[in-house]
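There are 2 protein chains.
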Amino acid sequence: MAIQEQIQQWHELAQQLRVDSIRATTIAGSGHPTSSMSPTDVMAVLLSKYLRYDFKNPDNPNNDRFILSKGHAAPLLYAMYKAAGVISDGELMSLRQLGSRLEGHPTPVLPWVDVATGSLGQGLPIGVGLALAGKYLDQLPYHVWVLLGDSETSEGSVWEAFDHASHYSLDNLIAIIDVNRLGQRGQTELGWNIQAYAARAKAFGWQAMEIDGHNFQEIDQCLNAALSVNDRPTVIIARTKKGKGVASLEDLGGWHGKALKPDAEKAAIAELGGQRHIIIQVNKPEEQPQPVVIGNPQQLQLPTYNKGAKVATRRAYGDALLALGSAQPNVVVLDAEVSNSTYAEDFAEAYPERYFEMYIAEQQMIAAAVGLQVRKYKPFASSFAAFLSRGYDFVRMAAVSRANIKLVGSHAGVSIGQDGPSQMALEDLAAFRAVWSSTVLYPSDANQTAKLVAQMSDRNGIVYLRTTRESTPVIYDSDEDFPIGGSKVIRSSDSDGAAIIAAGITLHEALKAYERLKNEGIAVRVIDAYSVKPIDAKTLHQAARDTEGNLVVVEDHWLEGGLGAAVLDVFAGTNSSPSYDETPLRLIKLAVSEMPGSGTPEELLHAAKIDADAIVEAVKSQVKHSLGVALHSKSARK
Amino acid sequence: MAIQEQIQQWHELAQQLRVDSIRATTIAGSGHPTSSMSPTDVMAVLLSKYLRYDFKNPDNPNNDRFILSKGHAAPLLYAMYKAAGVISDGELMSLRQLGSRLEGHPTPVLPWVDVATGSLGQGLPIGVGLALAGKYLDQLPYHVWVLLGDSETSEGSVWEAFDHASHYSLDNLIAIIDVNRLGQRGQTELGWNIQAYAARAKAFGWQAMEIDGHNFQEIDQCLNAALSVNDRPTVIIARTKKGKGVASLEDLGGWHGKALKPDAEKAAIAELGGQRHIIIQVNKPEEQPQPVVIGNPQQLQLPTYNKGAKVATRRAYGDALLALGSAQPNVVVLDAEVSNSTYAEDFAEAYPERYFEMYIAEQQMIAAAVGLQVRKYKPFASSFAAFLSRGYDFVRMAAVSRANIKLVGSHAGVSIGQDGPSQMALEDLAAFRAVWSSTVLYPSDANQTAKLVAQMSDRNGIVYLRTTRESTPVIYDSDEDFPIGGSKVIRSSDSDGAAIIAAGITLHEALKAYERLKNEGIAVRVIDAYSVKPIDAKTLHQAARDTEGNLVVVEDHWLEGGLGAAVLDVFAGTNSSPSYDETPLRLIKLAVSEMPGSGTPEELLHAAKIDADAIVEAVKSQVKHSLGVALHSKSARK
């Protein structure tokens, strides 16, 4: 085909994408037409010439991957799907309506969308995860394309991605920055200074190409050149105009996120040359060998520990992860430069080809996990629990992506001791419980940890494991089972005056309290709530019934949102399950309420009133109260 | 003084700092001596020649500010304090002990520490906030010095700071990167490639200087030169050796975060030339005029709204902020490129000199707020509530810093409608409740919002305000008061069968439900829990007593950790307040449990079962149950 003819075809396609972006948003009454109109020419060329994608089989391992990091340009993406012949015009017109797959920002409700976007600055770091999968695990020649907006380059996470992509020489990663100069409320920081973008990208080790994003010949040459860069990632910095093609919108402020009114829509469509009905054949990937399978699956042989030995649960995590690595070749491990503390290092040493050092970049770490699971790997990502809070928005969005990732936080709570509050996770249980699709686990011993790690691997959703810095006694036999959603009643009698509910480090305080109370003739139940979410409602209801509601929950966490909240929730109804347990509760939450400082673990547990002393005191206050009530009702009966 | 003599003095001081770092960590039995020994020579010169700091008066507005971003090098900082004569050797030896001011990582428990560090990558963005204060608000010539580790430059937040510092031409900001090549578990990404650091910094618009961090003459010249850069921020990239000065530690792996055993300590001290007892006179700042006062305080005239009008609470936030700006010249506003959505834009227009556009960089925004409050400004920082989750670790650390900042999140919950789940904050109440020192407010009408914004200004700690995208009816008179910690009983009778507890958007659903239930002869109480933390326990206890425990809590938030959890907490005891309310509860939490998509606000509230329909149904199930119980007990009595 002559180049001029080709350009004309691209132009027609691009105009169709613009028209469709306008039509879909006008009928929806909201959305982002102008942001969909700036990168359109680049997308027209990408879709019709360079992308290799089998729309009939989104799971084809040879498919290129495309991430619309500027998720608000969803109308453009959906218009591309229509042009590719996989959604109808009717469906396109359902944009933003209840029940439509075409949500305001893309989510994997659509089979061709790998990950949700719309929180800016996440597409590129997720793309790094996919590119790591392609280059090092699948070892297939597909490319990962990421379209970014210019405004989102203000997010540090974008520079974590620039950094890591060059560190890992991800020549299969091609980013396109749509420099349309206009953010939501005015000019961006760098405006049309595409040289500044290029200088930054180059300093971070990337190949950078600057183009006029509305010049098809430049676009074509540049995309072609990007495919042949073979030692580093490439970024194409495209100077574009927001609202391109419609004079009343083009490069004008005040049009961000605004749909056109029907009259303006009509005029704009006319200006763009009217509706078109182009359907293109997107190139399929060449057939390639199946992805490389790294290692042969072995029978899972979890580590075991002798009762009474002192082993930190973080240590058991490392051991179990190593075992899992042998049994499951699709387990991949990431860590944020603390693998010798989280004990991810043993896996790293044994399976270096499946370990990715993410340095101190927790956002990038979590994003990479999301990218890796797109290609069906099972990523375990670890850091100090406190520092996972750095990536909370990425966890939130991973849930919207329906991602299956495993996050492991060590060094939780005041029990870490001397390092002080900056290193203590005291809000992680609350934060992770409030994530859709999440599972929250908090083991108290090494054998339990190993069993939980094994279950994490196949668990869907966001699975969080909290481990403990300190060595704690092994209290379970290695052949016990610890199903997710269960709990263990480890002390009980027919005459329990109260039940102590604990998990992790505080379970050991509960056991000390049990002994002391027993010596004073007070029988208590001790429940190990290792599965914080889902929590074992049945066992907790039974405990409440058996103890006249005398529950003491003790946790190394702030008072809000953690284990205590999980226990309270069990006694409330919800919209999906409006029944509630009517056992009157006399529940005491023992948790951290004052800002801790440094000290020994024992000192800090005591100072926070979450140690055996505090538990004994709380139980006594309850039991005394119960006795008082009992005596009172006895005397009343007389 | 001859240069050689000067160098010898610096050398002696540096050796003392090294010896003291070793001594303090050995006696503590933990800590980071080697990380304290690499930037030591630079610090010796800074402390004795360039820093301008009045240790007797840390609040002196002319003081330079110094942030130890690599907080694990706390022993070095404390050794500097000893050398400056403000702590004794005895106190230095209390490092990391319970009750000592010298915590494992620095916190403002010490009067000379402005902000807590220890979560890496936060010092520089906080320094940007301080430098903004110095250059644009105080308009005083002090400098802000930030010492970073090399590993922490992997954090994207560091590049948000590089970006913003150059955007705002912060020539009063001087960063020093201690490139000792070794991270916690091995070599850093860039090793000793100080040219790479310099290239990145330059691409981000900084002056970059590369030096040998153990060459006093280079250090001296460089610090001197940094002071005279007057158009951009400066970064000094110092090539150093971890553990410098002790052969058995110097530039060796495996020594991160390890204290020396007493024998090794002894040998190391000997190698460093033994203990010294140098006390230096740190230069005080020159006397300067008082900080510029921007504007004259006016009487606060909050906006008022007519009952029945429809006004979004985000709109009222913008109006109230504008009023506050006039009344309080120390109110400063930040926004992350969405000021036309949060309505911070009105303040920006009226008081451009007190408004800082933070572009899409929520971590930097929150960090800048922390920096600004060090200088006693009252920062209000706003974005979509969902995106504040990006800065959760900064909020966590702001609490450790005992910072007073105000964060405002708009567009909360499914009620935002068409934009879909990526834009919906559904975990923000849980996340902010689980922050030490936090206050969490969620107004339902415009007059209430205005009153709460006024109170936020003087409230200590982390204050979070959640606003609503949709316009909602004004239900309160403009002269009503809404104290933090209170609530409003807006519907009640002597025969309430249940109490509906709501806040924000769902309060309006509760009012609709009230009318419908009333028409069916069911009286219910409606409580506006606008103060989610602290919550009004007294009113909730009374409601439980009056309704036989029939409480329905309804919130536009996930089931976990939000308003429902706050209400449940009221009925539990804690370690500081072990009493509990024994009213048997039949509490139903109506909250979001399925991942929403797009739709109209009404459709999504309905689909999530948090609208009037769901409330009516929940109340009926409770009341029916109560009646059943009542009938049952009546018939039993017969």
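Protein sequences, first through last, are from chains G and W.
Using my numbering, you'd call the opening residue of the first sequence number 1 and step up by one each time.
Using my numbering, you'd call the opening residue of the second sequence number 1001 and step up by one each time.
Ideal placement from N, C-alpha and C gives every residue a C-beta, glycine not left out.
W:Ala1450 has its alpha-carbon roughly 21 Å from the corresponding atom of W:Asn1296. Contact annotation: G:Val246 and G:Glu271 have beta-carbon atoms nearer than 7 Å. DSSP places W:Phe1066 in no alpha helix (DSSP H) but in the uninterrupted beta strand (DSSP E) bounded by 1065-1068.
Residue nearest to W:Asp1496 within the set W:Lys1518, W:Leu1173, W:Pro1289, W:Thr1468 is W:Lys1518 (criterion: CA-CA distance). Fewer than three beta-carbon pairs drawn from the stretch 184-200 of chain G and the stretch 13-29 of chain G are found closer than 8 Å, and the two stretches are therefore not classed as touching. Ranked by Cα distance from W:Ser1438, the options G:Asp556, G:Ala361, G:Met595, G:Ile279 are led by G:Met595.
The DSSP assignment places complete alpha helix (DSSP H) segments of no fewer than 4 residues inside the stretch 572-615 of chain G at 601-607, in order along the chain. Within the same chain, and ignoring the five residues on either side of G:Gly308 in sequence, the residues whose Cβ sits closer than 7 Å to its Cβ are Pro473, Val474. When C-beta distances to chain W are compared with 9 Å, the residues of the stretch 390-414 of chain G below that value are Arg390, Gly391, Tyr392, Asp393, Phe394, Val395, Arg396, Met397, Ala399, Val400, Arg402, in chain order.
Judged by their CB atoms, W:Ser1038 and W:Thr1234 are not nearer to each other than the 7 Å cut-off. In this structure the stretch 1490-1509 of chain W does not lie against the stretch 1322-1338 of chain W, because fewer than three pairs of beta carbons, one per stretch, are closer than 8 Å.
Looking at G:Phe394, G:Ser48, G:Leu407, G:Leu441, the one whose alpha-carbon comes closest to that of G:Ile484 is G:Leu441. Contact check for G:Gly213 against G:Val45 fails: the beta carbons are separated by 7 Å or more. The C-alpha of W:Ile1174 lies about 7 Å from the C-alpha of W:Ala1226. Counting only runs that start and end inside the stretch 97-176 of chain G, the alpha helix (DSSP H) elements of at least 4 residues fall at 123-132, 156-167. Residue-level contact by beta carbon holds for W:Lys1589 and chain G, with a gap shorter than 7 Å. Rounded to the nearest angstrom, the gap between the Cα atoms of G:Pro578 and W:Ala1618 is 7 Å. Taking a C-beta cut-off of 9 Å against chain W, none of the residues of the stretch 484-501 of chain G qualify. Close to W:Ile1360, with beta-carbon spacing below 8 Å, are these residues of chain G in chain order: Leu120, Gly121, Ser151, Glu152, Ser154, Glu155, Gly183. Under the 10 Å beta carbon count, G:Asp114 is surrounded by 16 or more other beta carbons and is classified as buried. For the set W:Gln1009, W:Leu1388, W:Asp1445, the Cα lying nearest the Cα of W:Tyr1317 is the one of W:Asp1445. Interface annotation for the stretch 1110-1144 of chain W against chain G: Ala1116, Thr1117, Gly1118, Ser1119, Leu1120, Gly1121, criterion Cβ-Cβ distance under 8 Å. Judged by DSSP in its simplified three-state form, W:Pro1473 adopts strand.
When Cβ-Cβ separations below 7 Å define contact, G:Gln418 makes contact with chain W. Taking the Cα positions, W:Gln1423 is about 45 Å away from G:Leu511. Close CB contacts of G:Ser621 within its chain, under the 8 Å cut and outside five residues either way in sequence, are with Ile588 (chain order). Residues of chain G with a Cβ closer than 7 Å to the Cβ of W:Asp1059 do not exist, since the nearest Cβ in that chain sits about 22 Å away. Under the DSSP assignment, W:Thr1439 falls in the beta strand (DSSP E) whose first and last residues are 1438-1441.
Look at the stretch 1267-1352 of chain W and you find these whole runs of alpha helix (DSSP H), each 4 residues long or longer: 1313-1327, 1339-1342, 1345-1350.
Closest option to W:Leu1585, judged by alpha-carbon separation, among W:Val1623, W:Pro1601, W:Leu1604: W:Val1623. Neighbours of W:Val1338 across chain G, judged by C-beta separation under 8 Å: Gln184, Arg185. W:His1277 sits exposed, since fewer than 16 C-beta atoms from the chains shown fall within 10 Å of its C-beta. Shown here for G:Leu249: same chain residues with a beta carbon closer than 6 Å to its own, the five before and five after excluded, namely Thr34, Gly243, Trp255 in chain order.
A distance of 7 Å or more separates the beta carbons of W:Ala1612 and W:Ala1523. In this structure the stretch 555-566 of chain G touches the stretch 420-435 of chain G; the number of beta carbon pairs closer than 8 Å is three or more. Residue pairing by DSSP places W:Gln1542 in no beta bridge whatsoever.
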